[in-house]
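Reviewing the structure listed below.
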Amino acid sequence: MTRIGAKDELFGAQTLRTMGHAPYGGADIGECLATLARVQGTSLDSWYGEWTLTANRMQALAEAEEAAGHMETARLAYWRASNYFRNAGTLLLGTPLDRRAVEANLRQTDAFRRGAALMPTPPRQVEIPFGDTTLPGYLFRTDGEARDRPILICIGGYDSTAEELYFFNGAAALARGYDVLTFDGPGQGTALLQRGTVMRPDWENVLGPVVDFVLDLPAVDVNRIALIGLSLGGYLAPRAASGEQRLAACIVDGGEYDLFDAVLQRMPGPVARGFAEGRPSTTALLRRMLRGLERRPTAGWSLRRGQLVHGAADAVTYIDMLRDYTMKGRAGRITCPTLVCHAEGDPLGAQAPQLYDALTTRKQLITFTVAEGAGDHCEAGARTLFHARALGWLDSILRPASVLTGSGY
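For the record, in the sequence shown the residue sitting at position 51 is 52 according to my numbering, with numbers rising by one throughout.
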């Protein structure tokens, strides 16, 4: 991981992720480093308190500047507040659900919307019909004459939100002439924390209603609908694409091939084999091991978060549920051109080459290296470089004429 002065690896990774949104208005690097420096040890209470303090300061700045008529300053301050509120609550995700995480989600959503309302072309808040509920999101549209435009659907990961997806990929895509749809699917953001909708493996059945929604929008080119997924979305997006034939392209940012196999690879060999085979004695041993791990503030965070996201009763149940999260036998069903991105120093995306090898459609693999500052999970410290390559690839698929003439960006 790129070292930014954090004593704890998780704290460092989450701060780098937050700082990575600076080019798109979601952070100030100095504010992030100063906040990180105040966090005490591995205390999650301290983490929450310090990031909330910084977020409150940005919120107050935004409100004062908006009242003074300084709308651009206000917009950016609201957006930094939103991202900092999100970061404050992220590490509290787990079971039982901490009410502070729910409050942080509400506040990040409110701050983002107040900032977005000050954009030259504000996004439309949407509710995508999904079974007996809806999925909340945002539709961002490019300026200019009414015409059929390409659209990029953005999928996040375990703890990203529809609001953060604007900073991750939305802003960069808008700047390149794409309309953008961000949304919280099952197990994500508002859908999880405010509505209790947990994660599911069959995202081909999640994406279908989303594409139906897009097709009902005016001025969308139905032949240029693209999908991008990051982090856990590196599984969700290709899984969705494996059952959705209406996509023109798919970008996988941190490809994941089989989540259960990935977890087994982090276990001692005998434990992994016994658990995979369902041996009761091994399951009991693993349960004891995980109980100790999940009590650790930062080392146990991913286990606690996973139980919340998947609606699992305990850590062993959560891991067992991951058996259904696989692209084995499904990768070959993807028909649209697919870009698989692989960050060199990211163990969570180590299966990207496996996913790439299993694809039978037109495909490309791009490796982002540590030497160029892009080796972290989802290229957290080098998002502009990621967008140059990934969205450049997308341009070559969806807008070849504009690329050839040099007018694409």
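Glycine included, every Cβ here is placed at the ideal spot set by N, Cα and C.
Let me know the secondary structure DSSP gives P202 once reduced to three states. For this step, residue 202 is matched to residue 201 along the sequence shown. Coil at P202, not helix or strand.
CB of T74 within 8 Å of CB of E64, strictly: For the purposes of this step, residue 74 is taken as the residue at position 73 of the sequence shown. For the purposes of this step, residue 64 is taken as the residue at position 63 of the sequence shown. Contact flag unset, no.
For the beta strand (DSSP E) containing G95, name the first residue and the last one. The residue given as residue 95 occupies position 94 in the sequence shown. Element bounds for G95: n/a, residue is neither H nor E.
Output the distance between the C-alpha atoms of K364 and E373, rounded to the nearest integer angstrom. The sequence position of residue 364 within the sequence shown is 363, counting from 1. The sequence position of residue 373 within the sequence shown is 372, counting from 1. The alpha-carbon atoms of K364 and E373 are separated by roughly 23 Å.
If you draw a straight line from the C-alpha of Q355 to the C-alpha of Y258, how long is it? Stepping through the sequence shown from its first residue, residue 355 is reached at position 354. Stepping through the sequence shown from its first residue, residue 258 is reached at position 257. Roughly 6 Å separates the two Cα atoms.
Hey, would you say A241 sits closer than 8 Å to A227, going by beta carbons? For the purposes of this step, residue 241 is taken as the residue at position 240 of the sequence shown. For the purposes of this step, residue 227 is taken as the residue at position 226 of the sequence shown. Contact: no.
Would you check if the distance between the CB atom of A192 and the CB atom of L136 is smaller than 8 Å? By one-based count along the sequence shown, residue 192 stands at place 191. By one-based count along the sequence shown, residue 136 stands at place 135. The answer is yes: Cβ separation under 8 Å.
Below 8 Å CB to CB, which residues in the same chain sit around R288 once its five sequence neighbours on both sides are set aside? Here residue 288 refers to the residue found at position 287 when the sequence shown is read from its first residue. The answer, listed in chain order, is D315, A316 and V317.
Using the Cα positions of Q352 and N170, report the straight-line distance between them to the nearest angstrom. Along the sequence shown, read from residue 1 onward, the residue named residue 352 stands at position 351. Along the sequence shown, read from residue 1 onward, the residue named residue 170 stands at position 169. For Q352 and N170, the distance between alpha carbons rounds to 22 Å.
Look up D180 in the DSSP assignment and give the residues it is bridged to. Walking along the sequence shown from the start, residue 180 turns up at place 179. D180 is bridged to I152.
Segments of 3+ residues assigned as beta strand (DSSP E) that fall wholly inside the stretch 58–133: 125–131
Using 8 Å as the threshold, is the stretch 18–37 in touch with the stretch 160–169, meaning 3 or more CB pairs across them? yes
From the DSSP secondary-structure annotation, give me the bridge partner or partners of Y139. By one-based count along the sequence shown, residue 139 stands at place 138. Answer is Q126 and T183, bridged to Y139.
Taking the alpha-carbon of L98 as reference, which of P210, T143, V212 and L309 has the nearest alpha-carbon? To locate residue 98, count along the sequence shown from 1; it is residue 97. Answer by Cα proximity: L309.
Who does T368 pair with in a DSSP beta bridge? On the sequence shown, position 367 is the one that residue 368 refers to. T368 pairs with H343.
Helix, strand or coil for R251? Go by DSSP, reduced to three states. As a position in the sequence shown, residue 251 is number 250, starting the count at 1. Per the sequence shown, the amino acid found at residue 251 is Cys instead of Arg. The answer is strand: DSSP assigns C251 an E or B state.
Going along the chain, which unbroken runs of the alpha helix (DSSP H) with 4 or more residues stay wholly within the stretch 236–305? 260–265, 270–277 and 281–295
Looking at the unbroken alpha helix (DSSP H) that takes in L37, where does it start and where does it end? Residue 37 sits at position 36 when you count from the first residue of the sequence shown. Where L37 is concerned, the enclosing alpha helix (DSSP H) stretches over I30 to R39.
Between the Cα of A89 and those of A344, T55 and R334, spot the shortest distance and give me the residue it belongs to. Here residue 89 refers to the residue found at position 88 when the sequence shown is read from its first residue. Residue T55 is the option with its Cα nearest to A89.
If A375 and A344 are in contact, beta carbons under 8 Å, what's the gap, nearest whole angstrom? For this step, residue 375 is matched to residue 374 along the sequence shown. For this step, residue 344 is matched to residue 343 along the sequence shown. Right, the Cβ-Cβ distance comes to about 7 Å (below 8 Å), so this counts as a contact.
Taking contact to mean 3 or more Cβ pairs, one atom from each stretch, closer than 8 Å, check whether the stretch 172–186 and the stretch 145–164 are in contact. yes
Inter-residue spacing [alpha-carbon to alpha-carbon] between I154 and F131: On the sequence shown, position 153 is the one that residue 154 refers to. On the sequence shown, position 130 is the one that residue 131 refers to. Using only the alpha carbons, I get a separation of about 16 Å.
DSSP-derived helix/strand/coil call for I229: As a working note, residue 229 is residue 228 in the sequence shown. Here I229 sits in strand by DSSP.
Would Q195 and G157 qualify as a contact pair, given that the criterion is a beta-carbon distance under 8 Å? Residue numbering aside, residue 195 sits at position 194 when the sequence shown is read from its first letter. Residue numbering aside, residue 157 sits at position 156 when the sequence shown is read from its first letter. No, these two residues do not count as a Cβ contact at 8 Å.
First and last residue of the uninterrupted alpha helix (DSSP H) at G190: Residue numbering aside, residue 190 sits at position 189 when the sequence shown is read from its first letter. From DSSP, the alpha helix (DSSP H) with G190 extends over G190 to L194.
Span separating the alpha-carbon of R411 from that of A117: Lying before the first or after the last residue shown, residue 411 is absent from the chain, which here runs from 2 to 410.
Go ahead and label D358 buried or exposed: buried means 16 or more other beta carbons lie within 10 angstroms of its beta carbon, across all protein chains shown. Sequence index remark: in the sequence shown, residue 358 carries index 357 (1-based). D358 should be labelled exposed.
T327 lies in the alpha helix (DSSP H); which residues open and close that run? Within the sequence shown, the letter at position 326 stands for residue 327. It is not in any alpha helix (DSSP H) - T327 carries neither H nor E in the DSSP assignment.
Give me the DSSP bridge partner(s) of V221. Stepping through the sequence shown from its first residue, residue 221 is reached at position 220. In DSSP, V221 forms a bridge with R150.
On the three-state DSSP scale, how would you describe R23? The count along the sequence shown starts at 1 and reaches residue 23 at position 22. In the sequence on display, residue 23 carries Ala and not Arg. Three-state result, A23: helix.
Here's a check: name, in chain order, each residue in its chain whose Cβ is nearer than 7 Å to the Cβ of T361, leaving out the five neighbours to either side. Position 360 of the sequence shown, counted from the first residue, corresponds to residue 361. So the qualifying residues of the chain are G333.
Taking 8 Å as the cut-off, does the stretch 374–388 touch the stretch 276–292 (at least 3 CB pairs, one atom from each stretch)? no
By the 10 Å Cβ neighbour count, where 16 or more other Cβ atoms means buried, how is P219 classified, buried or exposed? In the sequence shown, counting from the first residue as 1, residue 219 sits at position 218. By the neighbour-count rule (16 or more Cβ atoms within 10 Å), P219 is not buried but exposed.
I'd like to know whether the C-beta atoms of M328 and H311 end up nearer to each other than 8 Å. Residue 328 sits at position 327 when you count from the first residue of the sequence shown. Residue 311 sits at position 310 when you count from the first residue of the sequence shown. Contact: no.
I need the DSSP call for L405, collapsed to helix, strand or coil. Along the sequence shown, read from residue 1 onward, the residue named residue 405 stands at position 404. No answer about L405 holds up, because its pLDDT of 37 lies below 50 and its placement is not dependable.
Taking only three categories from DSSP, how would you classify P354? Taking the first residue of the sequence shown as position 1, residue 354 is located at position 353. P354: helix per DSSP, three-state reduction.
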